[in-house]
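Structure record follows, encoded as structure tokens.
In our numbering, the protein residues as written are 28 to 428.
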């Protein structure tokens, strides 16, 4: 009888804690915050590195599109792996969601995500892909301006790049969701199992408590930016697939969950109009230039955020390459003040040079360098975690020469 009472007490305590977790809000901005575009730009949110059942994923094109629509996305890139020959034509608007096609391919021991800006390549075999990428990677950026090549999950075990990074590499995934989970499993199994228990009650919290700053990726990004312009991406790596036996796979975590966690926010000077061809070009050009920031969206809607360099009346967007002159000022502005402690951090050539806990930060640029900014917050997570700094927003870089 005593064991039954003790067991019942433990079950009740765990169940009560589960209910508490289910209602725990990890957002750092008010839920009723009405997001607006920053005054200088239009903010469009979307996902890259997304897989359907054509290859690695478990969801059909329509399943994935519906999940992105329900999460309020503006654009979505399918990047199925090693797919050749004719594919269904799905590019274009599906309701308010602009669906675009990239692709990912095995290359040496790594994975490359490709964005064919002009739609000029038709790849029929993996051998043809290898020859094309060997050619593109050997060029510098000016010679391969119509092809955007991005290195996926650069430090994922089994997929690491070996040797020098080529001149034709345009970008890397600074954040990759699947790599974060795998790293947590490899290094902190107890914490990982706790997140598995938390997941049915609060998927956002389960993921957030596993999130660790991608320090190796950030270090590589700064290293590459010191040599040439390199664009940073947040890769969802969405497959809605984990484990499994034979052809059976757990549809976990779902596309709905994945699309609430992480995204890229493109900042455009003109609105998307609903014309699929024109809007495709706007998004592709913004990716090619690095005119976007990366966001851990489950911490809150960042819309209204902007980062840019001003010189008098002239405004330079993220990704801009400009000559150093006296009077350049880097400005970073939040759409809303977080309800927890926060700081905006300015980096030059990978080194922290300034910080601010103001909604608007102004930093005078005194010398050439590669500049970027992050916004960190320190939410209070339930036991056993407590408080810790988590980066919410990452800008792409400014290149002051």
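Where a beta carbon is used, it is the ideal one built from N, C-alpha and C, also for glycine.
The beta carbon of residue 226 lies closer than 7 angstroms to those of 233 in the same chain, with the five residues before and after it left out. Bridge partners of residue 143 according to DSSP: 174. Around residue 87, the same chain offers 80 as residues with beta carbons nearer than 6 angstroms, after the five sequence neighbours per side are excluded.
Distance between residue 104 and residue 256, taken at the CA atoms: about 23 angstroms. Taking a 10 Å sphere around the C-beta of residue 411, we find fewer than 16 other C-beta atoms and assign the residue as exposed. Secondary structure at residue 223: helix, using DSSP grouped into helix, strand and coil. According to DSSP, residue 372 shares a beta bridge with 382 and 401. Taking a cut-off of 8 angstroms for Cβ pairs, the stretch 319-326 and the stretch 375-394 do not touch, as fewer than three such pairs fall below it. For residue 314, no beta strand (DSSP E) segment is defined; the enclosing uninterrupted segment is the alpha helix (DSSP H) at 303-316.
Of the candidates 128, 109, 55 and 124, the residue whose Cα lies closest to the Cα of residue 116 is 128. Of the candidates 130, 374, 165 and 136, the residue whose Cα lies closest to the Cα of residue 151 is 130. Where residue 126 is concerned, there is no enclosing alpha helix (DSSP H), although the beta strand (DSSP E) around it starts and stops at 124-128. A straight line joining the alpha-carbon of residue 262 with that of residue 143 spans about 17 angstroms. Distance from the CA of residue 217 to the CA of residue 136, rounded to the nearest whole angstrom, comes to 30 angstroms.
The Cβ neighbour count for residue 207, taken over all protein chains shown within 10 Å, is at least 16; the residue is labelled buried. For residue 401, the number of other beta carbons within 10 angstroms of its own is at least 16, and it is reported as buried. Contact annotation: the stretch 61-73 does not touch the stretch 245-259, with fewer than three C-beta pairs closer than 8 angstroms. Taking a contact as a CB-CB distance under 8 angstroms, the pair residue 396 and residue 375 counts as one, their CB atoms being some 4 angstroms apart.
Ranked by how close their Cα comes to the Cα of residue 203, the residues 224, 392, 178 and 219 have 178 in first place. The beta carbon of residue 300 is closer than 7 angstroms to those of 306 in its chain, skipping five residues each way along the sequence.
Secondary-structure assignment with DSSP links residue 290 through a beta bridge to 322. Residue 342 and residue 100 have their C-alpha atoms spaced approximately 27 angstroms apart. Contact annotation: residue 163 and residue 195 have beta-carbon atoms nearer than 8 angstroms.
With a 10 Å radius around the Cβ and a threshold of 16 neighbouring Cβ atoms, residue 244 comes out buried.
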